[in-house]
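Remarks on the structure that follows.
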Amino acid sequence: MAALKEIEISILGGMVSAKYFKGNGSIPLMMIHGWLDNLESFSPLLEALMQLEQSHPILALDLPGHGHSFHHSPDHTGHFIDMVTDLLMIMDAMHWDKVILVGHSMGAAISSLICATQPERIAGFVSIEMMGPLSETSENVVQRLALHFSAMSKPSNPLKIYSSLQQAMETRAVKASPPIAYSQAMVARNLESHAAGFVWKTDRRLRIPSAIRLTEEQVCVVLKSIQCPVLYVEGEVGYKELQQSSQKRSPWIQNLTQIRLKGGHHCHMETPDILAKTMLGFINSECVPVNS
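So for the sequence shown, our numbering puts the first residue at 937; every next one is plus one.
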């Protein structure tokens, strides 16, 4: 079995850290994690896929500002839509004409925009616990802009210092998923050493509220424009708001397969073996040409 390699990819702005599995399939998978996570979010799934025959090449990456990847320059806008450009540059750097996107949460939202706007480059899309970007009514535009500008103008709070990796893991588990049993590698990748312990090294601008969100009508246009096959994966105890949104939006996607897994918002970490087999079946039957 081919080895999993830690690599760096050069794009405009800096170096993106990633893990790469050569595989033997015809179309590579690009895995894009969620907000404030990193590539370790996909490690259980990646390991499960590597154990299967006919697994495709896989690239799991740290988005800029996360994990070991670079932080954008101070003049960068920081809007999540800008990450579409980052991902397209990564695809170009890897010399990939066509890929299958595997996105979790924010990574799935970003991926949906790529699927809609670059249909010739996307063979398939596995969307985990999010179907399209977050939306907002146009009436909230002034309130959202004010929130963004206020956050941008405030000085940063002092970095919180954690005495141990365990303390950082416990703090994250209180505020967000996944359960602490699955989070050690992911939390460790987002920390750096400090004289008194550990601090988060994720780009602090990621916590600034977005200046603009798409309206639901715009999200509808995006999802209706996706031409590739889509596998939507939902956790049995995921975030209710996202699940309600996905239920409403699912009729907008032309070629959609849906599954539910045990677990929560990070169900891909909690049930990786079942998801790996389901994904490979979906990819080989729906996304890969018969003669490839």
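Glycine is no exception: its CB is placed at the ideal position from the N, C-alpha and C atoms. Computed from a predicted model, the values in this text were never measured in an experiment.
For Thr1193, the nearest candidate out of Ser1182, Pro1165, Met1205 (CA to CA): Taking the first residue of the sequence shown as 1, we reach residue 1193 at position 257. Cα-wise, what sits closest to Thr1193 is Pro1165.
Spatial neighbours of Ile1026 in its chain, beta-carbon cut-off 7 Å, leaving aside the 5 residues before and after: Locating residue 1026 in the sequence shown gives position 90, counting from the first residue. Closer than 7 Å at the Cβ level, and outside the excluded window around Ile1026, lie Ile945, Ile947, Val952, Leu997.
DSSP state of Met951 mapped onto helix, strand, coil: Your numbering for residue 951 matches position 15 in the sequence shown. DSSP places Met951 in strand when its eight states are reduced to three.
Beta-carbon spacing of Leu1049, Val1020 below 7 Å: Here residue 1049 refers to the residue found at position 113 of the sequence shown. Here residue 1020 refers to the residue found at position 84 of the sequence shown. Contact flag set, yes.
Three CB pairs or more closer than 8 Å across the stretch 1139-1151 and the stretch 1029-1039: no
Per DSSP, cross-strand counterpart(s) of Tyr1168: Translated into positions along the sequence shown, residue 1168 becomes position 232. BP columns for Tyr1168 point to Ser1063, Gln1194.
Cβ contact check for the stretch 954-966 and the stretch 986-993: 3 or more pairs under 8 Å: yes
Distance cut-off 6 Å: Ala1045 Cβ against heavy atoms of the ligand NAD: Ligands are entirely absent from the displayed structure, and the ligand NAD is therefore not among its contents.
Own chain residues within Cβ distance below 6 Å of Ser1005, not counting five before or after: Your numbering for residue 1005 matches position 69 in the sequence shown. Once the five neighbours on either side are set aside, the close Cβ partners of Ser1005 are Val952, Ser953, Asp998.
Continuous alpha helix (DSSP H) stretch holding Ala1087: start and end: Taking the sequence shown and counting its residues from 1, the one referred to as residue 1087 is at position 151. Where Ala1087 is concerned, the enclosing alpha helix (DSSP H) stretches over 1077-1089.
Span of the alpha helix (DSSP H), counted from its first residue to its last, around Leu1049: On the sequence shown, residue 1049 is found 113 positions in, with the first residue counted as 1. Run containing Leu1049: 1042-1053, per the alpha helix (DSSP H) assignment.
Residues that DSSP places opposite Ile1036 in a beta bridge: By one-based count along the sequence shown, residue 1036 stands at place 100. Per DSSP, Leu965, Gly1060.
Beta-carbon gap between Ile1113 and His1202 smaller than 7 Å: Translated into positions along the sequence shown, residue 1113 becomes position 177. Translated into positions along the sequence shown, residue 1202 becomes position 266. The amino acid occupying residue 1113 in the given sequence is Ser; Ile does not appear at that position. Their beta carbons are under 7 Å apart, which means Ser1113 touches His1202 by this criterion.
Contiguous alpha helix (DSSP H) assignments of at least 4 residues, all confined to the stretch 1094-1179: 1101-1111, 1116-1125, 1152-1160
Leu940 - partner residues in DSSP beta bridges: Looking up residue 940 in the sequence shown gives position 4. In the DSSP output, where bridge partners are listed per residue, Leu940 has Phe957.
Helix, strand or coil at Ser979 according to DSSP, with G and I counted as helix: Here residue 979 is taken as the residue at index 43 of the sequence shown, counted from 1. In the structure shown, Ser979 sits in a helix (DSSP, three-state: H, G or I).
Spatially closest choice to Ser1047 from Glu1075, Glu1072, Phe1016, by CA coordinates: The residue given as residue 1047 occupies position 111 in the sequence shown. Answer by Cα proximity: Phe1016.
Cβ contact (3+ pairs, closer than 8 Å) linking the stretch 972-991 and the stretch 1115-1125: yes
Given Tyr1175 as reference, the closest of Gly950, Met1066, Gln1054, Pro1010 once Cα atoms are compared: Counting from 1 along the sequence shown, the entry for residue 1175 is found at position 239. Looking at the Cα atoms, Met1066 is the closest of the given residues.
N- and C-terminal bounds of the alpha helix (DSSP H) containing Ile1026: Against the sequence shown, residue 1026 aligns to sequence position 90. Element bounds for Ile1026: 1018-1029.
Endpoints, the beta strand (DSSP E) within which Leu995 is located: Here residue 995 refers to the residue found at position 59 when the sequence shown is read from its first residue. Its beta strand (DSSP E) spans residues 994-997.
Burial state of Asn1076 (16 or more Cβ within 10 Å): For this step, residue 1076 is matched to residue 140 along the sequence shown. Label assigned to Asn1076: exposed.
Opening and closing residue of the alpha helix (DSSP H) in which Gly1217 lies: Here the question's residue 1217 lines up with position 281 in the sequence shown. Where Gly1217 is concerned, the enclosing alpha helix (DSSP H) stretches over 1208-1218.
Leu1159 versus Lys955, Ala1044, Leu1197, Ser1009, residue with shortest Cα-Cα distance: Locating residue 1159 in the sequence shown gives position 223, where the first residue counts as 1. Answer by Cα proximity: Ala1044.
Collapsed DSSP secondary structure at Ser1092 in the structure displayed: The residue given as residue 1092 occupies position 156 in the sequence shown. It is coil, neither helix nor strand.
Given Ser1146 as reference, the closest of Phe1061, His1012, Ile1097 once Cα atoms are compared: Taking the first residue of the sequence shown as 1, we reach residue 1146 at position 210. Closest by alpha carbon: His1012.
Cβ-based burial, Phe957 [other Cβ within 10 Å; buried from 16]: In the sequence shown, counting from the first residue as 1, residue 957 sits at position 21. When all chains shown are included, Phe957 counts as buried.
Top-ranked residue by Cα proximity to Gly1003, from Glu942, Gln1102, Pro1115: Within the sequence shown, the letter at position 67 stands for residue 1003. Taking only the C-alpha atoms, the option nearest Gly1003 is Glu942.
Distance between beta carbons of Ala1052 and Ser1161, contact taken as under 8 Å: Here residue 1161 corresponds to residue number 225 of the sequence shown, with the count starting at 1. Here residue 1052 corresponds to residue number 116 of the sequence shown, with the count starting at 1. Contact holds; Cβ gap of about 4 Å.
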